Amino acid sequence: MGEDSADLGGMLLAWMAWQAEFAEHPSEARDGLSPEQRFFIGFAQWDCANDRPENLRVNALTNPHSPAQFRINGVAVNMPQFHKAFACKAGQAMVKKDQCRVW
8 MGEDSADLGG MLLAWMAWQA EFAEHPSEAR DGLSPEQRFF IGFAQWDCAN
58 DRPENLRVNA LTNPHSPAQF RINGVAVNMP QFHKAFACKA GQAMVKKDQC
108 RVW
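When you read off a place in the sequence shown, starting at 1, and then add 7, the result is the number in my numbering.
This is the structure in structure tokens:
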């Protein structure tokens with residue numbers, strides 16, 4: 008849980024830094040994706056993985072981080088900025104009623 012909270016906090020800081028940079032150097036949509044969407048896609052690509060079941064078991068016992076799919080989605084689902092970027096609506100899989108907040 009501690010590393011998951013750290014991932015969320017780090018992503019919020021990254022978002023704030025990106026917003027500050029974007030304010031000074033705006034960007035256009037590209038390849039059908041808004042700059043905000045590309046920010047989150049870049050985050051998701053950072054931890055792409057296709058682990059074998061035996062590797063997942065070992066990591067569950069030895070690694071303080073969640074598996075990649077939970078690590079990425081666990082951050083995005085708790086960021087209203089993600090919901091806005093992808094026009095997520097209540098009731099959809101990436102919108103949780105109770106979101107975690109840090110700071």
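For each residue, glycine too, the CB sits at the ideal point set by N, CA and C.
Model, not experiment: these values are computed from the prediction.
Rounding to the nearest angstrom, what Cα-Cα distance links residue i and residue j in this structure?
{"i": "residue 108", "j": "residue 63", "result": "27 angstroms"}
{"i": "residue 89", "j": "residue 95", "result": "8 angstroms"}
{"i": "residue 68", "j": "residue 61", "result": "11 angstroms"}
{"i": "residue 93", "j": "residue 70", "result": "31 angstroms"}
{"i": "residue 12", "j": "residue 38", "result": "32 angstroms"}
{"i": "residue 72", "j": "residue 54", "result": "11 angstroms"}
{"i": "residue 43", "j": "residue 98", "result": "22 angstroms"}
Is it buried or exposed, residue i, if we count other Cβ atoms within 10 angstroms and call 16 or more buried?
{"i": "residue 14", "result": "buried"}
{"i": "residue 77", "result": "exposed"}
{"i": "residue 34", "result": "exposed"}
{"i": "residue 50", "result": "buried"}
Quick check: is any heavy atom of the ligand GDP less than 7 angstroms from the C-beta of residue i?
{"i": "residue 84", "result": "With respect to the ligand GDP, the structure offers nothing, as it holds no ligand at all."}
Compute the distance between the beta-carbons of residue i and residue j, then report whether it is under 8 angstroms.
{"i": "residue 83", "j": "residue 46", "result": "no"}
{"i": "residue 56", "j": "residue 75", "result": "yes"}
{"i": "residue 18", "j": "residue 101", "result": "no"}
Pull the bridge partners of residue i from the DSSP assignment, please.
{"i": "residue 40", "result": "37"}
Just reading off the alpha helix (DSSP H) that residue i is part of, what are its end residues?
{"i": "residue 23", "result": "9-31"}
{"i": "residue 90", "result": "87-92"}
{"i": "residue 75", "result": "75-83"}
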